[in-house]
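**Q**
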Amino acid sequence: MSEKLRRKGRGCRKGGLIPLAAFIFFLFLWDGAWAEDLDTLPPSPPREVTAFDTPNDAGGSITLTWRKSTDDGTGAGDVTAYIILRAERKEGPYKEITKLPAGAVRYEDTTTKDGVDYFYKVSVSDGVNISESPPSQAVHSKAQWFNFKRLNMLLAGFILSLGIVYFISRARAGKELYIRKIAGLDAVNEAVGRATEMGRKVFFIPGILDLDDVQTIAGLSILGQVAKLTAEYGTKLEVPVCRSVVMVTARETVKEAYLDSGHPDAYNDEIVHYLTDDQFGYAAGVDGLMLREKPAAIFYQGAFYAESLILAETGFSVGAIQIAGTAMPSQLPFFITACDYTLIGEELFAASAYLSREPRALGSIKGQDLGKAIILFILGLGVVLETLGITGFSQLFTTQ
Amino acid sequence: MRREIPLFITAITGVVFIIAYFIPHPPFNQIQDLFQTWFQIIAAFAIILGVLNLMVVNGDKVYRRSKGWGYSVIIILSFLVMAGIGTFKLGSKASPLEEGTPFMYLFYNVYYPLTSTVFALLAFFVASASFRAFRARNKEAALLLTAAFFVMLGRVPIGDYLTSWIPLKWLHLSTIANWIMAYPNMAAQRAIMIGIALGIISTSLRLILGIERSYLGGD
């Protein structure tokens, strides 16, 4: 029982009935203001108030923890709020920085200045009375040099990178590496060849995101390979883009590809052209081009959103052979439905290496496979341990 | 040098970004924002190139009377009207983005309905794509059709209405639909996501190490 409840109980026993009735009658006469004055006993203060520099952060933050008042949830059960007070000297003055609801046991003060010592008190209120905890020890915030919450990711990244570098070095040493066949990439030649035979264009759509997205870079890598083929076969290529930076980069990619294949004269800047940054404006523009030009092959390689199906269905309607690739899981079903071949997620990132057959790039794909094998093993082990009620293992892989 | 300098910049930037992810201390925690700002500045300048290209390509189409040159006229006119009204604040006192200005009038009454229309086309494309996808040509397609049947019907009130009389709740269409979404579908999605994450790491490493050069136009 809390101190407050014990004191309240003693008050009732000592008083007796007649004085209590007279007291209540007197209060009624006092125009209803009695309710506030009944509770004169403050709630018990929060205990063990601890302040410490918030770990793993960029500074500017101190975390405060405490044990609840014994009248919060238990005892008198009338705690309504906790008030956080802060001062730069132990003796004060303390200023209120925030108010938290009953039940709170933690607060992160993100308004501190690094290097300045602060003292904290936690007050508890029952709506009428307030009681304060003793001040905390002096504490100051500072930025940390390592985020230990991400240590697991660092280790995982390191192991994976080690695997990739190992396979790259093996590939460099001339070791033959097996990569499974990817039907969508084997069909690139067929698609460009078909366009050549039909005397129609090849369209390449590098997604709708900018160059700061890795999918766009992966898409441009594939564009380089496709452009080499179109240059060799003498097929017309058209690359409508929706980002200016992508346009500049794609031009460079196509130009270099034409140069590498020995047909620099076949290149002109109009192959890669800008339409608009607007998502549906771009979709409408590309659809219009498809319907007018009737390309024989269309590549969708990069990041796509809702426009994916609008584009792919229009491409289907003009009878083009379509090869899509994206790492947007929500758009994959649309591409699978409307296109002849679809590179699912990781295949998009493997495409450039697969098409170029460059040993070092293939080595990195092999390293990626090693990562998959490790993850598969960890997943299996995690499932078994969780089923057995051992939860510590899965906690090792929590990311923040 | 033309190749080496971009590769060197890519490698240094990549390494710095990786380090910055694990170090919350300034200046590392500000690097991402800083690079994002730089990228925005570069993109802002690059848009001039994009717009110039748009005008040149479409102007050339109009000049040559190429196939579909009429659309190019509309593109050029639309661009000039919107850019002109916005840049010269025609009909607005402070900002063309205020309510009631000619710029916003065109935005709400031309641009907005047009983009909504294109988006709405998706409904028809979903129908036509579903029609093709849900034909039970082989075992996989039959499985897809069955799953789609349960999910689509289980997500609408009539699904539950049809099966609400069954005393076993796990046989209700909504329960089956939720199970398909929460287990087989989620498992497949997560497998794809893990593959994507590994693919991104692998691609990033190739870019940082200078192995992946196709985006620069080849080996």
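Which chain is which? The protein sequence lines are A and B, in order. Counting in the working numbering, the final residue of the first sequence is number 400, and the numbers go up one at a time with none missing. Counting in the working numbering, the final residue of the second sequence is number 1219, and the numbers go up one at a time with none missing. The beta carbon of each residue, even a glycine, is placed where N, CA and C say it ideally should be. Since we're looking at a predicted model, the values are computed, not measured.
#1: So if DSSP puts A:D402 in a beta bridge, which residue, or which two residues, is it bridged to?
#2: Could you name the residues of the same chain whose beta carbon sits closer than 7 Å to that of A:F397, not counting the 5 residues immediately before and after it, in chain order?
#3: Just to confirm, is the Cβ distance from A:V105 to A:W145 under 8 Å?
#4: Drop a sphere of 10 angstroms on the beta-carbon of B:A1044, count the other beta-carbons inside from all chains shown, and report buried for 16 or more, exposed for fewer.
#5: Would the segment 231-248 of chain A count as touching the segment 261-268 of chain A if we require 3 or more Cβ pairs under 8 Å?
#6: By DSSP, does A:F397 sit in helix, in strand, or in coil?
#7: For A:T63 and A:G77, I'd like the C-alpha separation in whole angstroms.
#8: Nearest chain B C-beta to A:A313 closer than 8 Å, yes or no?
#9: Just the C-alpha distance for B:N1138 and B:P1113, rounded to the nearest angstrom, thanks.
#10: Using beta-carbon positions only, say whether A:V239 and A:V254 come within less than 8 Å of one another.
#11: Identify, in the order they occur along the chain, each residue of the same chain with its Cβ nearer than 8 Å to the Cβ of B:S1130, setting aside the five sequence neighbours on each side.
#12: Taking only beta-carbon positions, decide if B:A1182 is within less than 8 Å of chain A.
#13: Throw me the rounded Cβ distance for the A:E307 and A:Y282 pair, which I believe falls under 8 Å.
#14: Please list, in chain order, the chain B residues whose beta carbon lies closer than 7 Å to that of A:Y274.
#15: At a Cβ threshold of 8 Å, is B:H1025 touching chain A?
#16: Cα-Cα, which of A:E48, A:A327 and A:D57 is closest to B:Y1021?
#17: Report the neighbours of B:F1125 on chain A: residues whose CB is nearer than 9 Å to its CB, in chain order.
#18: Of all the CB atoms in chain A, is at least one closer than 8 Å to the CB of B:K1139?
#19: If you run the structure through DSSP and keep just helix, strand and coil, what is A:A361?
#20: Give the residues of chain B in contact with A:S356, contact being defined as C-beta atoms less than 7 Å apart.
#21: Does the segment 289-299 of chain A come into contact with the segment 191-204 of chain A, if we say contact requires no fewer than three beta-carbon pairs (one atom in each stretch) closer than 8 Å?
#22: For chain B, check one thing: does any of its Cβ atoms lie closer than 8 Å to the Cβ of A:F349?
#23: Can you list the residues of chain B that A:K372 reaches, using a CB-CB cut of under 9 Å?
#24: Among A:L160, A:D210, A:A195 and A:A191, which has the Cα closest to the Cα of B:I1200?
#25: For A:S394 and chain B, any beta-carbon pair shorter than 8 Å?
#26: What are the residues that DSSP puts in a beta bridge with A:E132?
#27: I need the DSSP call for A:A327, collapsed to helix, strand or coil.
#28: Enumerated in chain order, which unbroken segments of the alpha helix (DSSP H) with a length of 4 residues or greater are wholly contained in the segment 1026-1105 of chain B?
#29: Checking contacts by CB at 8 Å: is B:M1082 closer than that to chain A?
#30: List, in order along the chain, the chain A residues whose C-beta lies closer than 7 Å to that of B:L1205?
#31: Is there contact here, the segment 345-356 of chain A with the segment 181-188 of chain A, by at least three beta-carbon pairs under 8 Å?
#32: Going by beta-carbon coordinates alone, are B:I1049 and A:S244 separated by less than 8 Å?
#33: Measure the beta-carbon distance from B:I1076 to B:N1053 and round it to whole angstroms, keeping in mind my assumption that it falls under 8 Å.
#34: Do you know offhand how far A:N268's Cα is from A:V286's?
#35: Grouping DSSP H, G and I as helix and E and B as strand, with all else coil, what is A:A81?
**A** For this structure:
#1: Since the first residue shown for chain A is 1 and the last is 400, residue 402 of chain A is missing from the structure and cannot be characterised.
#2: To locate residue 397 of chain A, count along the first sequence from 1; it is residue 397. Contacts found: N152.
#3: Numbered from 1 along the first sequence, position 105 holds the residue referred to as residue 105 of chain A. Numbered from 1 along the first sequence, position 145 holds the residue referred to as residue 145 of chain A. Not a contact, by the Cβ cut-off of 8 Å.
#4: Residue numbering aside, residue 1044 of chain B sits at position 44 when the second sequence is read from its first letter. Exposed is the call here.
#5: yes
#6: The residue labelled residue 397 of chain A in the question sits at position 397 within the first sequence. In the structure shown, A:F397 sits in coil (DSSP, three-state: anything other than H, G, I, E or B).
#7: If you number the first sequence from 1, residue 63 of chain A lands on position 63. If you number the first sequence from 1, residue 77 of chain A lands on position 77. A:T63 and A:G77: Cα-Cα distance of roughly 26 Å.
#8: As a first step, residue 313 of chain A is located in the first sequence; it is residue number 313 there, counting from the start. Before going further, note that residue 313 of chain A is Glu rather than Ala in the sequence given. By this cut-off, A:E313 is an interface position.
#9: Here residue 1138 of chain B refers to the residue found at position 138 of the second sequence. Here residue 1113 of chain B refers to the residue found at position 113 of the second sequence. Answer to the nearest angstrom: the Cα atoms are 41 Å apart.
#10: On the first sequence, position 239 is the one that residue 239 of chain A refers to. On the first sequence, position 254 is the one that residue 254 of chain A refers to. Contact flag set, yes.
#11: As a first step, residue 1130 of chain B is located in the second sequence; it is residue number 130 there, counting from the start. Hits under 8 Å: A1148.
#12: Along the second sequence, one-based indexing puts residue 1182 of chain B at 182. It does not; no Cβ of chain A falls within 8 Å.
#13: Position 307 of the first sequence, counted from the start, is the residue given in the question as residue 307 of chain A. Position 282 of the first sequence, counted from the start, is the residue given in the question as residue 282 of chain A. Rounded, the Cβ-Cβ distance is 7 Å, consistent with contact.
#14: Your numbering for residue 274 of chain A matches position 274 in the first sequence. Within 7 Å Cβ-Cβ: G1050, N1053 and L1054.
#15: Within the second sequence, residue 1025 of chain B is the residue found at index 25, counting from 1. Cβ-Cβ to chain A under 8 Å: yes for B:H1025.
#16: For the purposes of this step, residue 1021 of chain B is taken as the residue at position 21 of the second sequence. Nearest C-alpha to B:Y1021: A:D57.
#17: Working through the second sequence from its first residue, we reach residue 1125 of chain B at position 125. Those within 9 Å of B:F1125 in chain A are L309, I310, A312, E313, T314, F334 and A338.
#18: Counting from one through the second sequence, the residue named residue 1139 of chain B turns up at place 139. So, not an interface residue.
#19: Start at 1 with the first residue of the first sequence, and residue 361 of chain A comes out as number 361. Helix at A:A361.
#20: Indexing the first sequence from 1 puts residue 356 of chain A at position 356. Going along chain B in sequence order, the residues near A:S356 (Cβ under 7 Å) are S1214.
#21: yes
#22: Translated into positions along the first sequence, residue 349 of chain A becomes position 349. Cβ-Cβ to chain B under 8 Å: yes for A:F349.
#23: One-based indexing of the first sequence puts residue 372 of chain A at position 372. Chain B residues near A:K372: I1194, G1195 and L1198.
#24: Position 200 of the second sequence, counted from the first residue, corresponds to residue 1200 of chain B. Nearest C-alpha to B:I1200: A:L160.
#25: Position 394 of the first sequence, counting from 1, holds the residue named residue 394 of chain A. False, the Cβ-Cβ gap to chain B never drops below 8 Å.
#26: Start at 1 with the first residue of the first sequence, and residue 132 of chain A comes out as number 132. In the DSSP output, where bridge partners are listed per residue, A:E132 has A:S123.
#27: Taking the first residue of the first sequence as 1, we reach residue 327 of chain A at position 327. Coil.
#28: 1031-1064 and 1069-1087
#29: On the second sequence, position 82 is the one that residue 1082 of chain B refers to. No, B:M1082 lies away from the interface with chain A (no Cβ there is under 8 Å from its Cβ).
#30: Position 205 of the second sequence, counting from 1, holds the residue named residue 1205 of chain B. Those within 7 Å of B:L1205 in chain A are S161, I164 and S364.
#31: yes
#32: By 1-based counting over the second sequence, the position of residue 1049 of chain B is 49. By 1-based counting over the first sequence, the position of residue 244 of chain A is 244. Per the sequence shown, the amino acid found at residue 1049 of chain B is Leu instead of Ile. Taking 8 Å as the Cβ cut-off, B:L1049 and A:S244 qualify as a contacting pair.
#33: Walking along the second sequence from the start, residue 1076 of chain B turns up at place 76. Walking along the second sequence from the start, residue 1053 of chain B turns up at place 53. Actually they are not in contact, since the Cβ atoms of B:I1076 and B:N1053 sit about 13 Å apart, beyond 8 Å.
#34: Position 268 of the first sequence, counted from the first residue, corresponds to residue 268 of chain A. Position 286 of the first sequence, counted from the first residue, corresponds to residue 286 of chain A. If I take the Cα positions, the gap works out to 20 Å.
#35: Numbered from its first residue, the first sequence carries residue 81 of chain A at position 81. In the structure shown, A:A81 sits in a strand (DSSP, three-state: E or B).
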